[in-house]
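*Asks:* First the structure, which I've put down as structure tokens, then a few questions once you've had a look.
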Amino acid sequence: MPPTTILITTPLGNVGLETLRALATRPERSQLHLIAAVRNPDKDLAALATLTDAVIRFDFADPSTFAPALVGVDRLLLVRPPQLADVDHYFRPFIEAVRYADVQQLAFLSLQGVESNSLTPHHKIEQLIVAAGIPYTFLRPSFFMQNLSTTHRAEIADRDEIYIPAGNGRTSLIDVVDIGEVAALVLTDGTGHHLKKGYELTGSEALTYYEMAQTLTAVLGRTITYKDPSVLAFIWRNWRKEKMPLSFVLIMVALYTVSKLGKAAGTTSVFQTLTGHAPRTFRQFAEANRGVWQR
9 MPPTTILITT PLGNVGLETL RALATRPERS QLHLIAAVRN PDKDLAALAT
59 LTDAVIRFDF ADPSTFAPAL VGVDRLLLVR PPQLADVDHY FRPFIEAVRY
109 ADVQQLAFLS LQGVESNSLT PHHKIEQLIV AAGIPYTFLR PSFFMQNLST
159 THRAEIADRD EIYIPAGNGR TSLIDVVDIG EVAALVLTDG TGHHLKKGYE
209 LTGSEALTYY EMAQTLTAVL GRTITYKDPS VLAFIWRNWR KEKMPLSFVL
259 IMVALYTVSK LGKAAGTTSV FQTLTGHAPR TFRQFAEANR GVWQR
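Here our numbering = 1-based position in the sequence shown + 8.
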């Protein structure tokens with residue numbers, strides 16, 4: 009029986025990389041052919057060689073790379089690079105290519121609450137996938153704990169602050185290690201049980217950013233303060249000062265506004281039901297990643 013071929017887009021991003029790591033530990037690993045799709049295979053080969061069987065060229069901005077990348081692919085993890093917000097330009101053509109390929113499952117990294125949040129690209133991507141008739145599994149995680157160790161790392165490490173316009177709203181969080189575990193699980197299940205399903209993945213806690221700052225203070229041994237800037241101040245700092253793309257900054261604003269309004273606090277038991285064990289806590293995440301915020 010030929011191996012099952014799984015293609016991972018954005019394989020060096022948080023979730024893509026953790027999915028590959030989780031796939032490496034699955035009992036089905038010897039029956040899998042894992043392909044990482046990247047813009048520059050020569051540059052990224054070393055980082056991916058031990059986790060994959062092949063590294064191929066793929067670029068959301070270059071539709072000519074779509075069909076070759078999908079040849080022989082049985083299952084696919086679609087992860088939207090955060091800087092790509094134009095769904096019609098980057099993702100509609102790719103979803104069309106998937107529709108014409110013989111892909112048996114498209115697992116899409118979506119977003120908690122996406123069904124009622126039409127402002128996010130994830131909402132439209134889900135709609136396009138369903139309309140195309142592609143067998144899908146939607147992974148709808150809550151806020152990534154890793155947002156604080158990547159996007160917001162410098163402000164914590166250099167200025168001892170969390171600079172997010174979320175007020176006193178509670179936010180359910182999840183470690184991307186846990187998302188990767190679920191992605192690997194659904195991509196290796198050959199029964200079809202996970203098709204046409206959306207899984208709302210969260211941790212067991214819903215915390216305010218004040219509480220997250222308190223946990224980081226305890227773990228790092230120095231005071232971390234939660235700053236609650238205005239939306240305009242947040243946009244100005246990140247777009248004009250930090251030079252982030254405006255489209256990315258506006259998506260962050262939309263997501264943090266959901267938190268501020270108290271609509272991002274929901275937790276579920278879906279992760280534990282699927283995996284049989286509890287998700288990681290924010291304290292566990294902070295302790296495991298304390299080095300990224302050290303000076």
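All residues carry an ideal CB built from backbone N, CA and C; glycine is no exception. Computed from a predicted model, the values in this text were never measured in an experiment.
1) Count the other CB atoms, across all protein chains shown, that sit within 10 Å of the CB of Asn22; report buried if there are 16 or more and exposed otherwise.
2) In three-state DSSP terms, what is Ser180?
3) Should Arg230 go down as buried or exposed, given a rule of 16 or more other Cβ atoms within 10 Å for buried?
4) Residues in its own chain within less than 6 Å of Arg161 by CB, not counting five upstream and five downstream?
5) Once the 5 residues before and after Arg107 are set aside, which same chain residues still bring their CB inside 8 Å of it?
6) Could you say if the segment 56 to 66 and the segment 186 to 197 meet the contact criterion of at least three C-beta pairs nearer than 8 Å?
7) I'd like the list of long-range same chain contacts for Thr233, defined as Cβ closer than 7 Å, with 5 residues on each side in sequence excluded.
8) Confirm, please, whether the CB-CB distance from Gly206 to Ala272 is below 8 Å.
9) Mind checking Asp183: buried by the 16 CB within 10 Å criterion, or exposed?
10) Expressed to the nearest angstrom, what Euclidean distance is found between the alpha-carbon atoms of Trp247 and Val261?
11) Going by C-alpha to C-alpha distance, which of Leu193, Ile243, Thr275 and Glu208 sits closest to Leu215?
12) So which of Ser238, Thr223 and Leu195 has the shortest CA-CA distance to Gly175?
13) Return the bridge partner residues of Val46 from the DSSP annotation.
14) Use the C-beta contact count for Ala69: other C-beta atoms within 10 angstroms, 16 or more gives buried, fewer gives exposed.
15) So, helix, strand or coil for Glu104, using DSSP?
16) Going by beta carbon distance, what residues of the same chain come within less than 7 Å of Gln39, once the five residues before and after it are set aside?
17) Which class does Phe151 belong to by DSSP, given the choice of helix, strand or coil?
18) Output needed for Ala294: all residues of its chain with C-beta closer than 7 Å, excluding positions within five of it in sequence on either side, in chain order.
19) Are the Cβ atoms of Ala93 and Ile259 separated by less than 8 Å?
20) Rank Gln154, Ile14 and Ala115 by C-alpha distance to the C-alpha of Thr145 and give the top, closest one.
21) How many angstroms separate the CA atom of Thr18 from the CA atom of Arg88?
22) Out of Ala77, Ser212, Thr73 and Thr281, which one is the CA nearest neighbour of Ala62?
23) Using C-beta distances below 6 Å, list every residue in its chain close to Tyr218, excluding the 5 sequence neighbours before and after it, in chain order.
24) Buried or exposed: Gln91, going by 16 or more other Cβ atoms within 10 Å of its Cβ?
25) Please name the residue, chosen from Ala30, Ala75 and Gly211, that lies closest to Gln154 on a Cα-to-Cα basis.
26) Please work out which residues of its chain come closer than 7 Å, Cβ to Cβ, to Ser267, disregarding the five sequence neighbours upstream and downstream, and give them in chain order.
27) What whole-angstrom Cβ distance do Leu117 and Leu147 have, given they're in contact under 8 Å?
*Replies:* From the atom records:
1) buried
2) strand
3) exposed
4) Val300
5) Ala140, Gly141 and Ile142
6) no
7) Asp168, Glu169 and Ala221
8) Not closer than 8 Å, so no.
9) Taking all protein chains in view, the Cβ of Asp183 is crowded by 16 or more other Cβ atoms within 10 Å, so the residue is classified as buried.
10) 12 Å
11) It is Thr275 whose Cα lies nearest to the Cα of Leu215.
12) Ser238
13) Arg65
14) The Cβ neighbour count for Ala69, taken over all protein chains shown within 10 Å, is under 16; the residue is labelled exposed.
15) helix
16) Pro11 and Thr12
17) strand
18) Same-chain partners within the cutoff: Thr223, Leu224 and Val227.
19) yes
20) Measuring from the Cα of Thr145, the nearest candidate turns out to be Ala115.
21) 7 Å
22) Ala77
23) For Tyr218, where only same-chain residues beyond five positions count, the Cβ hits under 6 Å are Tyr234.
24) exposed
25) Comparing Cα-Cα distances from Gln154 to each of Ala30, Ala75 and Gly211, the minimum goes to Gly211.
26) Ala174, Gly177 and Thr179
27) 5 Å
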